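Colleague: I am attaching a structure below and will ask some questions about it afterwards.
Number of protein chains: 2
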Amino acid sequence: MIVPLLLSGGSGTRLWPLSRADVPKQLQALAHEDTMLQATAMRVIDNVNGLRFDAPCVVAGEAHRFLVGEQLLHIGVQPRTIILEPQGRNTAPAVALAALYLAAAGDAQSLMLVMPSDHLIADVPAFLRAIDAAVPDALAGKLVTFGIEPTEAATGYGYIQPAAAAGVVRPVARFVEKPDQETAHRYLAEGYLWNAGIFLLKAVDYLAALERHAPDVLTAARAAMQAPERDGLFLRPEELAFAGCPSISIDYAVMERADNVCVVPVDMGWSDVGSWDALWRVAVPDANGNVVRGDGALIGCRDSLVRNDGGPFVAALGLEGMVVVATGDAVLIAPRDRAEDIRAVVDAIEARGLDLARTSHEVRRPWGSYKCLGRADGWQAKRLAVRPGGRLSLQKHAHRAETWVVASGVALVSVDGVEQRLSAGQSVHIPTGAVHRLDNPGPEPLDVIEVQLGDYLGEDDIVRLADIYGRTMRAG
Amino acid sequence: MIVPLLLSGGSGTRLWPLSRADVPKQLQALAHEDTMLQATAMRVIDNVNGLRFDAPCVVAGEAHRFLVGEQLLHIGVQPRTIILEPQGRNTAPAVALAALYLAAAGDAQSLMLVMPSDHLIADVPAFLRAIDAAVPDALAGKLVTFGIEPTEAATGYGYIQPAAAAGVVRPVARFVEKPDQETAHRYLAEGYLWNAGIFLLKAVDYLAALERHAPDVLTAARAAMQAPERDGLFLRPEELAFAGCPSISIDYAVMERADNVCVVPVDMGWSDVGSWDALWRVAVPDANGNVVRGDGALIGCRDSLVRNDGGPFVAALGLEGMVVVATGDAVLIAPRDRAEDIRAVVDAIEARGLDLARTSHEVRRPWGSYKCLGRADGWQAKRLAVRPGGRLSLQKHAHRAETWVVASGVALVSVDGVEQRLSAGQSVHIPTGAVHRLDNPGPEPLDVIEVQLGDYLGEDDIVRLADIYGRTMRAG
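Sequence lines, in order, name chains A and B.
The first sequence runs 9 to 484 under my numbering.
The second sequence runs 9 to 484 under my numbering.
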């Protein structure tokens, strides 16, 4: 049995304004109805794809713990554990945490299938065949990587040069960095493969390789996993110990240095969806080459991507090779071939002190979500969407009063110890400083319009006194 | 003294999504802080520009009556009258209504300065000099038009060919339609002028010209002005009589047919701002040729216009020669040189049954404005902004209940005859069918968050029982 390891630690902004630090790419439904994490997990579920896989382990950021857990449970995947990185330290330490977890559980000999959780794979049977082909070598102590057969001279990926040898599984001659265009063409001609960051290896072999090639990573990870905090499915390595770990990729730390690395070439419709342009490329365009999702009208446009996730109606006229992405609080417009430069946009926005680059318009919480509907001097209106059974923390605010109006569903409201049930159209006022809580006790979703009043309306004006999601000590 | 006649009947969509049927271009602040109508009125105010002008007359659409009145009063202009066209019938009938109004007031010999209210004139002194030059001929019974000295071979305007003659005021050889590019170049070389639709003529002379060249227009307008309804500043021609009037421009009906037409060439920085491209052209661009207004960031853009009026943040990367216009409910993206084709966009939106093409996101009312903040199944949240002294109609709804929360200011609320004062944070529920009213009795603006509840939430579910703005019988 293989233990899938889903790496969900990224917080990239290349797909801004949809992907933001609080809900990064892997937790977004980009190409399909499922999120990238869900799609990644679905590929390695046994009932769908034969009897190869154990329950997956996940390594994710603390801030994403509820979303990760919820997304997996939503598709019926019960992870073995979700290891919460106290800080992002790139892939080598993340995989080390999981390998140490398995070793501590007596599963050091387990095969780990290391997978980024933000890639697309169109041909899953091809992926599974490649895994099957890799198993004997991985069991024999090899570090097996999967090399994507290139479809173009891409400059956005590292490449793997397989050694000249027969067989499906071939030794690796070398790993190389992202090339320039000319070099990429040479790599393509010479049979290099794209490095997709997918690996099959035994936990014990990975730890041994770390010991030899990146002992500082192993030392820090070991210290962090000495006595991790267990919190249901979540496992928290010790924060201070992990803080001392270098930030380094598995490629740099191990693969480029080890001599027991081999590669399985695979053609499986892979994409890392690393840009809006890449998303356009993997979609099925209409007769004019356009890809449209969400509210919009394209008139006389060609080869363009329009994506609208809750933004205003997008009317596009005469666009050629453009990307338009609209959300409730930001809209991006760029030529498709500049889509890789979105970092510059995000930097410009952060330089203005705007939170747009980091926080989504609709903010997810374990009880549901909220978003700002409007604001002016002295007030802000929000919509709170509380899932059935959802319960906000028992809280108070030092600087703002609030009025809640139930828009749909039934609310159980407590203000300074007085409980009442409110149905649609009913409201309650919460004076500044009052201890209050909002519950959805019913089977239907609950929508509440919250009107905040005060001179300071920041999210940080909150004291959590009790929380069923354990957030009194932690944010999120 | 000259009577300025401001024609404000247009409802064009060439500047969509900002300009819409409910707040068309002339009522928008496009190039400056003032609206186009305000800027037009300011040009012909005596205290600013010498002693030439009487109080202006305005011809406007019924639906815009409050906005027109409010915008003029806001800049201290007290119009002589605001004639409300029951239907738009183009310029010849509109000017006829005003001429008949003056004739009925004993001012048939008055000079009328006919002006579209949606044009820019950068050099107002040059305009005033041209008017002064035109006065003697107009007093002598000529129909004087003002011909703009062309700055390029534009294909978007009609042209005027002056007769070969000496002097500032020259007879007109002929009026010609919008030319193709080649013809436009020829016109430019041969000294033709742009037809800006600005005229100086005596009311009596215009009526005489109508009698001779478009008697059906005069007959219908006369019938409509037989017994117009007076309503404060507003004057309402008889609707059925006016309905029979042909829809025809003053150029077609009179100018192209009359033999007593002359033209004053003028170079006054004129633009009809007929497209987003035209707006970019009259603005002062930054070093990269960009014009930005409202929330947005431009990275590596050139020669582009970004305009954001209450829409999400606009992040533009690598645009060249593009137009981006964002509002709360729609964003337009188009190449600047396609900006004239916006009609196709508006048609596509109307074909989808969307109201976006006609109604603004923030809907103006005589008491203030409202806008939708969010909606879902069974509810809708709105913000009502009520100006000091503003008073919504006494009303009831057949299909929806409402809850009002005061967000700022003080509200006087009446529900089924029970009055109460509410301050920020306080709320009231209005059951379906209850007779209710909202007042802003205070000196501060009043913001109310309205949560509507019901299966049908259309604007047409309203019965107005009393209204200080006279809207119980009329919409708006």
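Glycine residues also receive a C-beta, built at the ideal position from the N, C-alpha and C atoms.
Given the structure is predicted, the values throughout are model-derived calculations rather than measurements.
Name, please, each residue of chain B whose Cβ falls closer than 8 angstroms to the Cβ of A:THR335.
Modeller: Those are PRO320, listed as they occur along chain B.
Colleague: Based on DSSP bridge pairs, tell me the residues matched to A:SER416.
Modeller: According to DSSP, which records beta bridges pairwise, A:SER416 is partnered with A:ASP455.
Colleague: Is there a C-beta anywhere in chain B that falls below 7 angstroms from the one on A:VAL423?
Modeller: No, A:VAL423 lies away from the interface with chain B (no Cβ there is under 7 angstroms from its Cβ).
Colleague: For B:HIS444, decide whether its Cβ has a neighbour in chain A, counting only Cβ atoms nearer than 7 angstroms.
Modeller: For B:HIS444, the answer is no, since every Cβ of chain A falls outside 7 angstroms of its Cβ.
Colleague: For B:ALA107 and B:GLY114, what's the separation of their Cα atoms in angstroms?
Modeller: When rounded, the distance between both Cα atoms is 11 angstroms.
Colleague: Using 8 angstroms for Cβ pairs, my map puts A:ARG351 next to A:ILE457. What's the rounded Cβ distance?
Modeller: Not quite, the Cβ-Cβ distance comes to about 37 angstroms (not below 8 angstroms), so this is no contact.
Colleague: Whose C-beta lies closer than 8 angstroms to the C-beta of B:PRO245 among residues of the same chain, with five residues either side of it excluded?
Modeller: The answer, listed in chain order, is ILE91, LEU92, GLU93, PRO94, LEU105, ALA229, ALA232, MET233 and PRO236.
Colleague: Could you tell me whether the region 347-365 of chain B touches the region 364-381 of chain A, where touching means 3 or more Cβ pairs closer than 8 angstroms?
Modeller: The region 347-365 of chain B, when compared against the region 364-381 of chain A, does not touch it at the 8 angstroms Cβ threshold.
Colleague: What is the DSSP secondary structure of B:ALA406, reduced to helix, strand or coil?
Modeller: Here B:ALA406 sits in coil by DSSP.
Colleague: What does the Cβ neighbour count give for B:ARG485, buried or exposed, with the cut at 16 atoms within 10 Å?
Modeller: This structure gives no information on residue 485 of chain B, because the portion of chain B shown stretches from 9 to 484.
Colleague: Using DSSP's beta-bridge definition, name the partner residues of A:ALA393.
Modeller: Partner(s): A:SER377 and A:ASP455.
Colleague: Taking C-beta pairs closer than 9 angstroms, name the residues in chain B that A:LEU381 reaches, listed in chain order.
Modeller: Those within 9 angstroms of A:LEU381 in chain B are LEU381, GLY382, ALA389, ARG391 and ILE457.
Colleague: Does A:SER435 have its Cβ less than 7 angstroms from a Cβ in chain B?
Modeller: So yes, A:SER435 belongs to the interface.
Colleague: Between A:ASN298, A:ALA409 and A:GLY450, which has its C-alpha nearest A:MET330's C-alpha?
Modeller: The shortest C-alpha separation from A:MET330 is found at A:ASN298.
Colleague: Just to make sure I have the definition right: I need the residues of chain B whose C-beta is within less than 8 angstroms of the C-beta of A:ILE307. Which are they?
Modeller: Within chain B, the residues near A:ILE307 are ASP349, ALA352, VAL353 and ALA356.
Colleague: Give me the chain A residues within the contact set of B:ARG346, using Cβ-Cβ distance strictly less than 7 angstroms, ordered along the chain.
Modeller: Near B:ARG346 (Cβ distances below 7 angstroms), the residues of chain A are LEU325 and GLY326.
Colleague: Return helix, strand or coil for B:HIS127, following the three-state DSSP convention.
Modeller: Looking at B:HIS127 - three-state DSSP - the assignment turns out to be coil, as it is neither helix nor strand.
Colleague: Suppose the cutoff is 6 angstroms on Cβ atoms and the five residues either side in sequence are ignored; what does the same chain contact list for A:HIS127 look like?
Modeller: Excluding positions up to five away in sequence, the list reads ASP280.
Colleague: So, at 7 angstroms on beta carbons, what are the nonlocal neighbours of A:PRO187 in its own chain, with the 5 sequence-adjacent residues on each side left out?
Modeller: Hits under 7 angstroms: THR163, TYR167 and TYR195.
Colleague: Counting along the chain, where does the beta strand (DSSP E) carrying A:THR335 start and finish?
Modeller: Segment 330-335, the beta strand (DSSP E) holding A:THR335.
Colleague: Report the CB separation of A:ILE357 from B:ALA323 in whole angstroms; it is logged as a contact under 8 angstroms.
Modeller: Confirmed, Cβ separation roughly 7 angstroms.
Colleague: Taking CB distances under 7 angstroms as the criterion, tell me whether A:ILE10 reaches chain B.
Modeller: A:ILE10 does not count as touching chain B.
Colleague: Could you confirm whether any beta carbon from chain B is found closer than 7 angstroms to the beta carbon of A:SER416?
Modeller: Closer than 7 angstroms to some Cβ of chain B, the Cβ of A:SER416 qualifies, so yes.
Colleague: Identify whether A:GLU78 lies in helix, strand or coil by the three-state DSSP scheme.
Modeller: Looking at A:GLU78 - three-state DSSP - the assignment turns out to be helix.
Colleague: Given that a residue counts as buried once 16 or more other Cβ atoms are within 10 Å of its Cβ, and exposed if not, what is A:PRO64?
Modeller: So A:PRO64 counts as buried.
Colleague: Mind checking who A:VAL427 pairs with in its DSSP beta bridge?
Modeller: The question names Val, yet the displayed sequence has Glu at residue 427 of chain A. Paired residues: A:SER422.
Colleague: Can you tell which of A:LEU26, A:GLY18 and A:VAL11 has the C-alpha that lies nearest to the C-alpha of A:VAL333?
Modeller: When only C-alpha atoms are compared, the closest one is A:LEU26.
Colleague: DSSP beta-bridge partners for B:ASP447?
Modeller: BP columns for B:ASP447 point to B:ARG399 and B:LEU420.
Colleague: Could you give the first and the last residue of the continuous beta strand (DSSP E) run that contains A:GLN189?
Modeller: No beta strand (DSSP E) holds A:GLN189; the alpha helix (DSSP H) holding it covers 189-197.
Colleague: So what does B:CYS309 bridge to, in DSSP terms?
Modeller: DSSP lists no partner for B:CYS309.
Colleague: With a threshold of 16 other CB atoms inside 10 Å of the CB of A:GLU410, please say whether the residue is buried or exposed.
Modeller: A:GLU410 is buried by the Cβ-count criterion.
Colleague: Under DSSP, the alpha helix (DSSP H) around B:GLN86 begins and ends at which residues?
Modeller: First-last for B:GLN86: undefined, no H or E at that position.
Colleague: Considering only C-alpha positions, which residue in the set A:VAL31, A:LEU243 and A:ARG182 is nearest to A:ALA112?
Modeller: Taking only the C-alpha atoms, the option nearest A:ALA112 is A:LEU243.
Colleague: I want to see whether chain A comes within less than 7 angstroms of B:THR89, judged by CB atoms only; does it?
Modeller: No, its Cβ sits nowhere closer than 7 angstroms to a Cβ of chain A.
Colleague: On the DSSP bridge list, what partners appear for A:ARG383?
Modeller: Answer is A:GLN388.
Colleague: By the three-class DSSP mapping on this structure, what secondary structure does B:ILE53 have?
Modeller: Of the three classes helix, strand and coil, the one that applies to B:ILE53 here is coil, per DSSP.
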